[in-house]
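Reading through the structure tokens given below for one structure.
There are 2 protein chains.
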Amino acid sequence: MDQDRVPQVLKMHKPDEDAQITIAGLHIDVLEGAFSWYIRSLDSVVSQDLERRIAHLDVAKGKGKITTMLLVDDYPGIRPSQIAEVLMRDRPATGRIIDPLVKAGHIRREISAEDQRAHGLFITQKGHELAQEVRQIIRDQEEEFFDFIAPEDRQDFMRMLKSAYLNVRKKLK
Amino acid sequence: MDQDRVPQVLKMHKPDEDAQITIAGLHIDVLEGAFSWYIRSLDSVVSQDLERRIAHLDVAKGKGKITTMLLVDDYPGIRPSQIAEVLMRDRPATGRIIDPLVKAGHIRREISAEDQRAHGLFITQKGHELAQEVRQIIRDQEEEFFDFIAPEDRQDFMRMLKSAYLNVRKKLK
DNA sequence: CACCAGTAGTTGCTTTGCGCAACTATATAG
DNA sequence: CTATATAGTTGCGCAAAGCAACTACTGGTG
């Protein structure tokens, strides 16, 4: 078999990986064929790795802080409820993500001019710098942590994940 | 490029899905190109869906209970530390997953004959029935929740996820 | 055979995560 | 003017996860 000509992503799967795999020497029953198992397991490892990378920053310890920082940096005046929708969290949860970022001086809350109930969120200079740092960390993780996927194969995996994500979001509405 | 040779899963993605996507009308910055974003988001939705499906069972509310039930059903006498390795949790966490299953009468703990420090875990009749029910729920979710992936495409996505999972696990050791 | 380092599992503590209900303030429809 | 809906906050409770300390047992070594 001409292993060398097989695209990298496919090469990663030797024929025997399609046979039953074992985790720590154990078969995992129906979970071996379950998308949910792999997605859930991957999440756990990826999140741990990311958490390690941001441990020294104010966005550490919390799942939505990175997304929030980037959104506020990109959309001055964005409202918490919009962030909540992206994060798929309820408003209380989102408020509690924003609180420490405001306290740390990365984000400013202002009462919206058009709607006195709503807040507009704005990045500060300090916050903008943090956002830049965060962007680089995300890019680093993508490169370093997912280094086992050959550069030309990333597109394929990415497209599949993106499609799954978009489809799954539709299910929620 | 010979598009016809491209695996089916890639066909799911129309060209315009490769353009910038928006979530709730917003662009998500570098996260749009980040594996971690999609993996983490998918996890959240998949886990919620699974949680809903098992809400009426004793394996509800907890991430490792399903895996534990299946492992104990398949490997009579298995030890908590082995389960911990599969779950990638520490032993205290694993013990706390097992506790309620023992209390509910699905699993029996026995002191191992060879090693008096260790416990062997055994399924009960009630537990075996629960395991069967759980297997069906997992299969149902795979079919119903991931119904947007064409049957012939599932293999490809599965292989990529499996490969990512196996590679990522290696990173931990 | 006494000692000691290592391992299995448990308990306690702390921090975070996350959904729900209740509350205040404002907006909007009738 | 009143009723209903929406934006955001606060309080609460429960589950998750990491860490340290503890008990109990093992297996190797002097």
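Protein chains in written order, with the numbering used here: chain A, 1465 to 1637; chain B, 1465 to 1637. The C-beta atom is built at its ideal place from N, Cα and C for all residues, glycine as well. In this text the structure is predicted, and so the values were computed from the model without any measurement.
| query | result |
| --- | --- |
| For the ligand GTP, any of its heavy atoms closer than 7 Å to the Cβ of PHE1609(B)? | With respect to the ligand GTP, the structure offers nothing, as it holds no ligand at all. |
| ARG1573(A) bridges to which residues according to DSSP? | LEU1585(A) |
| Is it buried or exposed for ILE1575(B), if we count other Cβ within 10 angstroms and need 16 for buried? | exposed |
| Note the first and the last residue of the continuous alpha helix (DSSP H) segment covering PHE1499(B). | 1499-1517 |
| Distance cutoff 8 Å, beta carbons only. Does GLN1546(B) sit that close to anything in chain A? | yes |
| Does DSSP put ILE1530(A) in a helix, in a strand, or in coil? | helix |
| So, is GLN1605(B) buried or exposed, given that buried needs 16 or more other C-beta atoms within 10 angstroms? | buried |
| Tell me where the alpha helix (DSSP H) around ALA1524(A) begins and ends. | Element bounds for ALA1524(A): n/a, residue is neither H nor E. |
| Take VAL1523(A) as the anchor and find which of ASP1620(A), PHE1612(A), ILE1561(A), ALA1628(A) has the nearest alpha-carbon. | ILE1561(A) |
| Give the residues of chain A in contact with PHE1586(B), contact being defined as C-beta atoms less than 9 Å apart. | By Cβ distance, chain A contributes nothing, its closest Cβ being about 16 Å from PHE1586(B), past 9 Å. |
| With DSSP collapsed to three states, give me the class of PRO1479(A). | Caution is warranted here: a pLDDT of 46 is assigned to PRO1479(A), below 50, making its placement in the model unreliable, and the coordinate value is therefore given only provisionally. PRO1479(A): helix per DSSP, three-state reduction. |
| Answer yes or no: do VAL1494(A) and ARG1603(B) have a C-beta to C-beta separation smaller than 8 Å? | yes |
| Who are the Cβ neighbours of GLU1496(B) in its own chain at under 7 Å, not counting the five residues just before and after it? | GLN1484, ILE1485 |
| Kindly indicate which three-state DSSP category ILE1485(A) falls into: helix, strand or coil? | coil |
| Against chain A, which members of the region 1528-1555 of chain B pass a CB distance test of less than 8 Å? | ILE1530, THR1531, LEU1534, LEU1535, ASP1537, ASP1538, TYR1539, ILE1542, GLN1546, GLU1549, VAL1550, MET1552 |
| Locate the alpha helix (DSSP H) running through ALA1548(A), then write down its first and last residues. | 1544-1551 |
| Closer than 6 Å by C-beta to THR1532(A): which residues in its own chain qualify, once you throw out the five before and the five after it? Chain order, please. | ILE1547, ILE1561 |
| With a threshold of 8 Å between beta carbons, is SER1508(B) in contact with chain A? | yes |
| Just grab the DSSP bridge partners of LEU1490(A) for me. | ILE1487(A) |
| Check whether the Cβ of VAL1494(B) lies closer than 8 Å to any Cβ atom in chain A. | yes |
| Within 8 Å of any Cβ in chain A, is that where the Cβ of ARG1504(B) sits? | yes |
| Is there a Cβ from chain A that is less than 8 Å from the Cβ of ILE1487(B)? | yes |
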